Each structure stands twice: as structure tokens, then as C-alpha cells.
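Q:
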Amino acid sequence: MAIHGTPLDAGAEPIKGAGERPPLKLGRYEVVRELGKGAMGIVYLAKDPLIGRLVALKTIRAAAHADDDETREFQQRFVREAQAAGILNHPAIVTVHDIGQDEATGVSFIAMEYVEGSNLKEVLAQGRPLTFDDIGEIIAQIADALDFAHSKGIVHRDVKPANIILLEGNRAKIMDFGIAKIASGVANLTSTGQFLGTPNYMAPEQIKGAPVDGRTDIFSLGICLYECLTRRKPFGGDSLTSISYKIVHEPFPPLHEINPQIPDGYEDIASLCLAKDPSKRYQRARDMAAAIRAVVRGERPARVEPAMAEETIVTHSQMPTMELPLPDGDVGGVSTRAVALSTLPAGADKKTGSSTARRAQLRQQLNETLSKVRAYPGWRARISPTAVAAVVGILVLLLAGAVLAIQRQKPKVPNVDSRVEKRLARERQLRDEGNALLRQGKVKEAYAKFEELSKLAPNSPAIADIVQKLEAMRQKEELTKQQLAVAVQKRDQGIDLYNKGKFDDAIPILQESFTINPSDDLTTNYLKFAQEQQQISDAKARATQQTQQVRPTGTVATTTRAGSTQTVASPAQLTTLFESPFADGYIMVKVGADTVAHENLYEEKGRFFRRNVPRTVNVTAQFTPKNADVQIWVVVPSEKIADHATIRHNFPPGTAFKLLVSFNPQSKTFAYQLN
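Per the working numbering, the sequence shown starts with residue 7, numbered consecutively.
(1) Nearest to Asn-618 by alpha carbon, out of Ala-634, Thr-222, Gly-591?
(2) If you follow the beta strand (DSSP E) that Asn-606 is part of, which residue opens it and which one closes it?
(3) Tell me the residue span of the alpha helix (DSSP H) that contains Tyr-272.
(4) Taking the straight line between their C-alpha atoms, what separation do you get for Ile-389 and Leu-372?
(5) So, Ile-268 versus Phe-138, is the Cβ gap smaller than 8 Å?
(6) According to DSSP, Thr-582 sits in a beta bridge with which residue or residues?
(7) Identify, in the order they occur along the chain, each residue of the same chain with its Cβ nearer than 7 Å to the Cβ of Gly-228, setting aside the five sequence neighbours on each side.
(8) Counting pairs of beta carbons, one from the segment 150-169 and one from the segment 210-221, are three or more of them closer than 8 Å?
(9) Between Ile-180 and Ala-295, how many whole angstroms is the CB-CB distance? I'm expecting something under 8 Å.
(10) In the DSSP assignment, find the beta strand (DSSP E) that holds Asn-505 and state where it starts and stops.
(11) Under a three-way DSSP split, which group does Val-118 fall into?
(12) Would Gln-6 and Ile-513 be called neighbours here (beta carbons separated by less than 8 Å)?
(13) For Asn-257, which residues from the same chain have a beta carbon less than 6 Å from its beta carbon, with the 5 sequence-adjacent residues on both sides left out?
(14) Just how far apart, CA to CA, sit Pro-205 and Asp-150?
(15) DSSP on Tyr-678, reduced to helix/strand/coil?
(16) Between Ile-253 and Pro-284, is the Cβ-Cβ spacing less than 8 Å?
(17) Just checking my contact of Leu-136 with Cys-230 at CB under 8 Å: how many whole Å lie between their CB atoms?
(18) From which residue to which residue does the alpha helix (DSSP H) around Ile-253 run?
(19) Determine, using beta carbons only, whether Lys-682 and Val-49 come nearer to each other than 8 Å.
(20) Just to check, is the beta-carbon of Gly-447 closer than 7 Å to a non-hydrogen atom of the ligand PLP?
(21) Mind reading off the beta-carbon distance from Ala-578 to Gln-628? Whole number of angstroms is fine, and I expect it under 8 Å.
(22) In the DSSP assignment, find the unbroken beta strand (DSSP E) run with Ile-171 in it and report its ends.
(23) Which residues in the same chain have their Cβ closer than 6 Å to the Cβ of Leu-503, if we skip the five residues on either side of it in sequence?
(24) Does DSSP put Thr-362 in a helix, a strand or coil?
(25) Determine which residues share a DSSP beta bridge with Met-594 and list them.
(26) Please name the residue in Asp-527, Val-121, Leu-583 whose C-alpha comes closest to that of Thr-626.
(27) Report the start-end ranges of each beta strand (DSSP E) in the segment 120-169 that is 3 residues or longer and not cut off at the edges.
(28) Would you decide whether Arg-425 is buried or exposed? Buried here means 16 or more other CB atoms lie within 10 Å of its CB.
(29) Give the single residue among Arg-445, Lys-448, Gln-446, Gly-440 whose Cα lies nearest to the Cα of Glu-457.
(30) Which whole-angstrom value describes the C-beta separation of Arg-621 and Ser-644, a residue pair presumed to lie in contact below a C-beta threshold of 8 Å?
(31) Compute the Euclidean distance between the alpha carbons of Pro-467 and Asn-505, then round it to the nearest angstrom.
(32) Would you call the CB atoms of Val-449 and Glu-483 closer than 8 Å?
(33) Smallest Cα separation from Ile-145: which of Leu-443, Val-636, Ala-493, Ile-298?
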């Protein structure tokens with residue numbers, strides 16, 4: 007059962023059934039219900055009666071066996087870290103509203119912003135889909151939040167998917183700032199040698215117990231990015247020792263070996279985030295956010311060299327993240343805790359909460375004990391060489407046993423399978439070669455590369471999808487080649503008929519070739535020549551057969567050879583006007599089956615160097631009166647324009663019309679007006 011809108015700490019589990027009865031009030035807050043439990047305390051949903059706001063109360067209780075000084079130390083740490091987290095006012099950070107302590111129960115609590123949403127750990131566990139752009143935007147928002155916190159001198163120390171809340175609108179928030187450091191005080195009072203943070207998301211310096219700063223959070227956020235992209239952790243293992251060893255010593259598996267579809271830029275970002283040496287990582291979280299957003303925009307992220315990067319905001323704590331204090335016990339009548347405290351520097355009492363008087367008392371007890379030890383007569387006794395040899399032998403055996411135990415715990419380095427490495431190298435080579443061929447427009451050759459790649463990786467859905475798309479592109483390319491072959495065949499057939507003088511038969515075949523491939527200038531020119539020759543032939547035929555006489559009524563009296571007279575309608579007229587802005591191409595206008603204009607949109611100029619310049623098309627043609635479709639074609643190969651329009655119009659006998667053609671260069675559209 008997932009708890010939404012609840013900022014639970016590491017290890018918190020929601021309550022499923024009967025459990026501890028929640029208190030009615032904590033401080034001034036009225037408890038509504040219990041949300042969950044964690045290692046540090048209980049989380050409640052509560053209401054602030056002063057302003058009626060719902061908050062999440064995270065309770066933190068010191069260990070039951072702690073003494074007064076340790077309890078005061080815990081309270082000081084709690085107040086200090088909660089106040090520091092409270093100054094973080096950022097859209098991507100869960101706000102800390104208040105801190106306090108319930109007088110009745112002695113429980114300390116933090117009142118935090120209550121948000122409705124799922125944490126990123128739940129989203130990944132449920133397998134909910136996230137696009138690469140969604141993942142990039144989520145991680146970039148968290149990087150912005152971390153950079154803001156680092157600029158205030160605060161390190162999160164426990165960045166992980168469970169602490170990242172996803173809200174509506176693809177917004178993200180990070181919670182539990184300072185909780186990891188407060189938890190360190192609780193760990194000191196309850197147990198020793200504990201890790202602070204979640205091992206899978208810790209940086210190498212945390213595992214080593216070295217000081218931490220903002221670059222530690224960048225390493226943890228890099229692991230979150232890797233897990234979101236691949237749905238697996240970069241440093242996995244079946245034990246804490248194995249995981250820790252891989253984080254400190256081993257590289258992470260490359261992203262493209264897991265999913266070839268991951269954009270290339272994420273590989274560079276992951277390499278910078280997960281560098282073992284903090285000086286080789288991003289020095290500011292905002293640099294990481296900028297690189298991620300560049301990948302989302304489809305750009306290659308600029309690589310930030312550490313030597314050229316802006317100075318890191320150092321926010322480290324001098325307290326190591328893994329503590330190993332001396333065990334409690336008595337040696338010579340003086341407790342080891344007293345011995346440890348007496349050897350601390352003068353300023354250490356500020357961290358432990360011990361008073362100056364107590365330290366002086368412990369030092370006095372230590373001096374008295376040492377004086378008694380020196381006065382003990384056994385110090386002056388002689389030890390036999392046999393006893394010394396026995397002690398040395400025992401120490402050597404103990405040392406050898408310790409070395410063997412350490413060697414057994416060291417994880418085994420897996421053997422490298424040369425066949426697998428060779429196959430992976432071949433897969434990378436085929437993928438790179440296929441992408442290069444696609445960029446060159448060589449679809450058929452790229453298809454062959456990816457088809458071979460699919461045989462090497464048959465279970466990759468990404469590669470199968472690419473092969474399917476390339477197959478569709480290849481088929482489309484083959485179909486286009488077949489259509490162009492048909493157009494060439496029709497063109498050659500029409501030219502052959504034109505050369506034989508069969509203009510009536512050549513015109514429809516050339517028109518069919520022109521419809522398939524209007525950018526073929528040879529087809530266009532022969533079609534124009536055939537139509538002109540056909541018009542000349544028709545004019546000669548009419549001149550030899552008819553004698554026209556124009557009458558006032560708009561008719562023509564025709565006298566045949568037999569001497570009879572019949573009345574024929576006078577022709578209609580259409581003028582085509584177009585101020586061409588183009589230096590190539592042509593315009594063709596047909597009224598029914600009659601071609602009334604077929605003109606180039608340019609003319610050649612220049613005495614020594616001929617060049618094409620735009621010209622104004624102004625051509626008039628007569629034709630038999632009719633009610634027919636006016637079809638207009640404008641073809642400009644350099645602009646990849648092949649525009650076609652149809653206008654239905656009636657042309658009575660003896661009438662004259664104008665077709666005005668205009669071109670809009672902004673929208674690259676034509677307008678046609680017939681009047």
C-alpha cells in the first residue's frame with residue numbers, strides 16, 4: 007500500500023492495521039491520523055489549528071538509554087539541522103514549516119509541507135512509463151533544488167528515489183533535508199558503525215567515512231538518473247560489502263548496452279555524475295541541470311572540465327559519515343569513555359555537550375590511575391623470552407586470521423567472457439554504422455546494418471522497432487522508383503509519337519507522365535510543343551475548310567464548298583497574368599481540353615553570361631465557348647513547388663476573361679482570381 011503525499015524517512019513503512027494509537031495532539035498540532043513509521047519515529051497527518059493547514063509531522067525521539075548530556079546533544083543537533091532545512095524556500099523542496107517538542111511526551115517533531123503525489127521509488131516499482139524527456143525534466147528540477155540548498159551551506163546526504171515526490175504537471179519535489187544528519191545523532195546514541203544514507207545511493211566518500219559536500223549529492227542524483235533511464239541500479243549486489251566495493255572501485259555498465267534508445271548525451275552526464283573522485287564530477291548541481299536540459303532539447307551537452315568549472319560550494323561536515331567510538335568498559339578502574347573524552351582537543355566539548363568541569367574531572371581521574379599503574383611493582387618484573395615469543399606468535403596468528411577473513415569478504419572479480427565482449431563490440435559498430443548511413447539518406451544500406459543487428463540482439467524491442475520503420479521507408483522508396491520508371495516510360499512513348507507527328511496521341515500520354523513527375527523538364531517541354539503543334543494543325547484545318555465572317559450578333563457565318571451557309575458561335579478568350587518571382591519553372595492553364603497557356607516563369611538575359619531572371623507572364627488565347635473546368639499548374643523545381651488548382655467557369659461566345667495569379671512568399675501559397 008503506497009502512502010501518497012507523505013514525507014517518510016528512510017525505512018518508513020505505512021501502517022496497514024492495528025498499531026500504536028496516535029496521540030490526539032503534538033504541541034499545538036491536532037493529529038488526524040497516522041501515516042507511517044520509520045526508524046526514527048512516526049509520521050502523522052496533522053492540522054495546524056492556527057491557520058487550518060494540513061501538515062506532515064515527522065517525530066524524532068532520542069534513544070531511551072541516553073544520558074542527560076547525550077539528550078541535550080541530540081536536541082541541539084535536532085534544532086540546528088531543522089532550522090537549517092527551514093530556510094530552504096524553493097519550488098522543488100518540501101518546505102519545513104515548524105519544529106517543536108511535545109511537553110507531555112518529550113517527542114521532538116518537524117512540521118513539513120503535506121503534498122499529494124507518489125514518490126519516484128513507487129513509480130519505478132510500479133513500472134509506470136516515463137519518457138526520456140520526462141525523466142530529464144524531473145532530475146533537472148531536483149538538481150536545481152540541490153544547487154539552491156548547497157548555496158545555503160546545506161547537504162542533503164540521502165538523495166534517493168524514495169525522497170523525490172512527483173506531483174501533477176510533471177513537477178518534482180525533494181524532501182528530508184537535514185534528516186540524515188539529525189539521524190546521525192540518533193545513531194550515535196543507539197548503535198555504532200552505522201551508515202548514514204541508503205547504501206545503493208551513497209557516494210564513495212560516504213562509504214570511506216570522508217567529509218562530504220555538495221558533490222556527494224550530485225553522485226547520488228546521478229544514480230537516480232541512471233535508475234530512471236534503465237530501470238536498474240548502476241552498482242548492484244547481494245550484500246552491503248559487494249555494493250560498497252562496486253561504488254568505490256568499479257565502473258557502471260554503459261547506458262547503451264542496456265537500452266540503445268537512450269539519447270547519447272545522457273551517457274556523458276552519467277559519467278560526470280558518477281566519477282569516483284569528487285573533483286572530476288560536476289562541481290555545481292546547476293551545471294548538471296543545464297546539461298540535462300540540453301539533452302532534452304536534442305543538443306549535445308557541453309562537457310564541463312573540472313579545472314574550468316566554477317568553484318564548488320563546500321558544505322561538508324567534519325563529522326565522518328561512519329563512526330566507530332571506543333567500547334564502554336573499565337581498564338584500571340577508569341572507563342574507556344572517560345579516557346576517550348580526556349584525549350579530545352579543547353574545542354571538542356562543543357560537539358559532545360560535555361562541560362569544561364567534567365573534562366577536568368576526567369583528566370584528574372586519568373592522571374591518578376596512571377600514577378597508580380606506574381607504582382605497581384609488576385612493571386619492574388622481568389619477562390621470560392619464552393613468554394615474549396608466545397605473545398608474538400599469538401599476535402602473528404591473529405593478524406594472519408584477520409587478513410584471511412578480509413580476503414574472503416572481498417568480492418570476486420567476474421571473469422570476462424571474450425565472446426560476449428566481441429558480440430557487444432559488433433553491436434555497437436553496427437548501430438554506429440547504421441545511424442551514419444541514415445544521416446546520409448542511404449535507407450537501404452542502413453536497413454541491412456540494423457537487420458544484422460537485430461539478429462545479434464533478437465530480444466531488443468528498440469532494435470526491432472527501428473528495423474520495422476526502416477522496412478517501411480525502404481518499401482516507400484522502392485514504390486517511388488517504380489512510379490518514376492513508369493513516368494519515364496510514358497515520356498519516351500509520348501516523344502516517339504511526337505516525332506512521328508501524331509500530336510493528338512502524344513498529348514494524353516505526355517500529360518500522364520507529367521502528372522506522375524511534374525518536375526521533369528523534358529516531359530514539360532515536349533507536352534508544350536505537342537499542344538502548340540496541335541493548335542497549329544487545327545488552325546490550318548479550319549482555314550482550309552471554313553470561311554469566317556464576323557456578324558454584329560457575335561456569330562460567324564461560314565460558307566461551305568457546297569455553297570450552303572451555317573452560323574457558328576464566335577470564340578471565347580482568356581488572358582493569363584502572373585508577375586513571376588521565380589527564376590525557373592513554368593505555368594500551364596487548360597480550359598477543358600484546350601491548353602490556353604503554357605509559359606516559362608523566367609527568361610534568359612545577358613550577352614556573355616546567360617542567366618535566368620523572373621518575368622511577367624501575359625498570354626492570351628482563344629477557344630471554343632464552353633462551360634468547363636479551368637485547371638492551373640504552377641511548377642517551380644528550385645522551391646519544390648507543384649501547385650494545382652481547379653476553377654469551374656462558363657465562357658459564353660464572344661466573351662473575354664482574365665486569370666490573375668499571385669504568390670505569397672511568406673506562406674508560399676498561390677491565389678487565383680478569374681474575372
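Think of the CB as a built atom: it goes at the ideal place given N, C-alpha and C, for glycine as much as any other residue.
Predicted, not measured: the structure shown is a model, and the values here were computed from it.
A: Straight from the coordinates:
(1) Within the sequence shown, the letter at position 612 stands for residue 618. Ranking the options by Cα distance to Asn-618, first place goes to Gly-591.
(2) Here residue 606 refers to the residue found at position 600 when the sequence shown is read from its first residue. In the DSSP assignment, Asn-606 falls within the unbroken beta strand (DSSP E) covering 600-606.
(3) Here residue 272 refers to the residue found at position 266 of the sequence shown. Where Tyr-272 is concerned, the enclosing alpha helix (DSSP H) stretches over 271-279.
(4) For the purposes of this step, residue 389 is identified with residue 383 of the sequence shown, where counting begins at 1. For the purposes of this step, residue 372 is identified with residue 366 of the sequence shown, where counting begins at 1. When rounded, the distance between both Cα atoms is 27 Å.
(5) Indexing the sequence shown from 1 puts residue 268 at position 262. Indexing the sequence shown from 1 puts residue 138 at position 132. Contact: yes.
(6) Taking the first residue of the sequence shown as 1, we reach residue 582 at position 576. For Thr-582, which the question treats as bridged, DSSP gives the partners Val-625, Leu-665.
(7) One-based indexing of the sequence shown puts residue 228 at position 222. Ala-276, Cys-279, Leu-280.
(8) Cβ pair count under 8 Å is three or more, so yes.
(9) Taking the sequence shown and counting its residues from 1, one reaches residue 180 at position 174. Taking the sequence shown and counting its residues from 1, one reaches residue 295 at position 289. Not really, about 13 Å apart at Cβ, beyond 8 Å.
(10) Locating residue 505 in the sequence shown gives position 499, counting from the first residue. Here Asn-505 belongs to no beta strand (DSSP E); instead the alpha helix (DSSP H) covers 467-505.
(11) The residue given as residue 118 occupies position 112 in the sequence shown. The question names Val, but residue 118 in the sequence shown is Met. The answer is strand: DSSP assigns Met-118 an E or B state.
(12) There is no way to answer for residue 6, as the model of the chain reaches only from 7 to 681.
(13) For the purposes of this step, residue 257 is identified with residue 251 of the sequence shown, where counting begins at 1. Just to set this straight, residue 257 is Pro in the shown sequence, not Asn. Scanning its chain for C-beta atoms nearer than 6 Å, with the 5 sequence neighbours on each side dropped, one finds no residue around Pro-257.
(14) The sequence position of residue 205 within the sequence shown is 199, counting from 1. The sequence position of residue 150 within the sequence shown is 144, counting from 1. Going by the C-alpha atoms only, they are around 24 Å apart.
(15) Your numbering for residue 678 matches position 672 in the sequence shown. Three-state DSSP puts Tyr-678 in a strand.
(16) The residue given as residue 253 occupies position 247 in the sequence shown. The residue given as residue 284 occupies position 278 in the sequence shown. No.
(17) Here the question's residue 136 lines up with position 130 in the sequence shown. Here the question's residue 230 lines up with position 224 in the sequence shown. About 12 Å separates the beta carbon of Leu-136 from that of Cys-230, a gap too long to meet the 8 Å contact definition.
(18) Taking the sequence shown and counting its residues from 1, the one referred to as residue 253 is at position 247. Counting along the chain, the alpha helix (DSSP H) containing Ile-253 begins and ends at 246-255.
(19) In the structure as shown, the chain starts at 7 and stops at 681, and residue 682 therefore has no counterpart that could be examined.
(20) Among the ligands in the structure shown, none appear at all, so the ligand PLP cannot be discussed.
(21) Here residue 578 refers to the residue found at position 572 when the sequence shown is read from its first residue. Here residue 628 refers to the residue found at position 622 when the sequence shown is read from its first residue. Going by Cβ atoms, the distance from Ala-578 to Gln-628 rounds to 7 Å, so yes, they are a contact pair.
(22) To locate residue 171, count along the sequence shown from 1; it is residue 165. Taken as a continuous stretch (DSSP letters only), the beta strand (DSSP E) holding Ile-171 covers 170-173.
(23) Looking up residue 503 in the sequence shown gives position 497. The beta carbon of Leu-503 sits closer than 6 Å to those of Asp-511, Ala-512, all from its chain and outside the five residues before and after it, given in chain order.
(24) Looking up residue 362 in the sequence shown gives position 356. Residue state, collapsed to three classes: helix.
(25) Here residue 594 corresponds to residue number 588 of the sequence shown, with the count starting at 1. DSSP output for Met-594 lists His-604, Trp-639 as bridge partner(s).
(26) The sequence position of residue 626 within the sequence shown is 620, counting from 1. Considering only alpha carbons, the answer is Leu-583.
(27) Taking 3 residues as the minimum length, the segment 120-169 contains no beta strand (DSSP E) run wholly inside it.
(28) Stepping through the sequence shown from its first residue, residue 425 is reached at position 419. Arg-425 is exposed by the Cβ-count criterion.
(29) Against the sequence shown, residue 457 aligns to sequence position 451. Here the closest residue by C-alpha is Gly-440.
(30) Here residue 621 is taken as the residue at index 615 of the sequence shown, counted from 1. Here residue 644 is taken as the residue at index 638 of the sequence shown, counted from 1. Rounded, the Cβ-Cβ distance is 15 Å, inconsistent with contact.
(31) By 1-based counting over the sequence shown, the position of residue 467 is 461. By 1-based counting over the sequence shown, the position of residue 505 is 499. Each residue's Cα considered, the two are about 58 Å apart.
(32) On the sequence shown, residue 449 is found 443 positions in, with the first residue counted as 1. On the sequence shown, residue 483 is found 477 positions in, with the first residue counted as 1. Going by C-beta atoms, Val-449 is nearer than 8 Å to Glu-483.
(33) For the purposes of this step, residue 145 is identified with residue 139 of the sequence shown, where counting begins at 1. Distance check between Ile-145 and each of Leu-443, Val-636, Ala-493, Ile-298 places Ile-298 closest, using alpha-carbon atoms only.
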